[in-house]
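Before any comments, here is the structure.
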């Protein structure tokens, strides 16, 4: 069995085990429900236009504003329609607007004369969307890289703790064992994100939010390769951390650098997303580029060449961390006499090689 065949075998096993894991399935369903709720519920909860009781002679401006008009013979009938719940509001002589307990803003706006407005920046992103989009990108990368990275580390530790790793290494090459775990984690992570993206796009389509969808399209397209390389980088660190210890209880002691490498960029993108200079710097740093650069594309601050340069830098960094993580993994995988230092694992790899 060559390395490629062994890698596919290990990856297939890891995927089968994970697809039977109830925790993984529940978390996926929760992500899908959150994506659906975030895109479908707002249009539903916002309600439709108000129903206005008004005489036919005064119904023109209200119909032009997209309101539902209930034609009545006179003002008394209009007021009674509001009291009976047949209409949300009524327009009577004066003119005056009648409502039960809440002023109907859409009716008032339809009857008001507004001055012409000229936007100096018509392409500006809505402030609420400008906050939610960076949070969504950062949160998805943070949660996914943490969840699947920890699972890779736990799988390695469990194999060392039960000594089954000695049997596995006798059957397949060490590099194939690591490559299979990394490949399985990457496929599962991308699959989960793809499902979330499909649900989110369907929700925006259902809510007729085509403007936001057109803005998010390019950002999501670029987010996929950035996420892929960023996940490989983080997963390599988790794999090395898992190989350094022999018990699940000890993972916290070696995973702090990995935790900081994920958490610090997450909070930096969240709190500095409106700082153009900071975001430009973050979009070139390997640990923050997977979220910062797609976000800059969404806001229109990134040129095409910047995307290519940032992705190339991330590719080099991911390859470097993957090689370093593999070296530490190989040098510490068969050491079961307690926690192994990175220096010892690195030198042990040289001896084994």
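Numbering (full-length UniProt numbering), first residue to last: 1 to 353.
We treat Cβ as the ideally placed atom computed from N, Cα and C, and that holds for glycine.
It should be emphasised that the depicted structure is a prediction, and the values quoted were computed from it without experimental measurement.
Residue i: buried (16+ other C-beta within 10 angstroms of its C-beta) or exposed?
i           : result
residue 19  : exposed
residue 239 : buried
residue 273 : buried
residue 12  : exposed
residue 222 : buried
residue 295 : buried
residue 277 : exposed
residue 160 : buried
Helix, strand or coil for residue i, going by three-state DSSP, please let me know.
i           : result
residue 13  : helix
residue 344 : helix
residue 90  : strand
residue 52  : strand
residue 69  : strand
residue 96  : strand
residue 276 : helix
residue 335 : coil
residue 142 : helix
residue 284 : coil
residue 109 : helix
residue 303 : coil
residue 291 : helix
residue 28  : helix
If I'm right that residue i touches residue j with Cβ under 8 Å, what's the distance once you round it to whole angstroms?
i           : j           : result
residue 230 : residue 289 : 7 Å
residue 334 : residue 166 : 7 Å
residue 138 : residue 291 : 5 Å
residue 363 : residue 75  : What is shown of the chain runs 1 to 353, which leaves residue 363 out entirely.
residue 188 : residue 148 : 6 Å
residue 226 : residue 293 : 6 Å
Residues in its own chain within less than 8 Å of residue i by CB, not counting five upstream and five downstream?
i           : result
residue 339 : 244, 245, 246, 250, 253 and 254
residue 228 : 186 and 190
residue 195 : 28, 31 and 32
residue 236 : 182, 318, 321, 322, 324, 325 and 326
residue 82  : 53, 88, 89, 90, 98, 99 and 100
Which residues in the same chain as residue i place their Cβ atom closer than 7 Å to its Cβ, once the five residues preceding and following it in sequence are excluded?
i           : result
residue 3   : 173, 175 and 176
residue 179 : 7
Which residues in the same chain have their Cβ closer than 6 Å to the Cβ of residue i, if we skip the five residues on either side of it in sequence?
i           : result
residue 144 : 189
Whole runs of the alpha helix (DSSP H) within the stretch 164-206, excluding any shorter than 4 residues: 164-171 and 174-206
For a minimum of 4 consecutive residues, which ranges assigned as the alpha helix (DSSP H) are wholly contained in the stretch 207-262? 210-243 and 251-254
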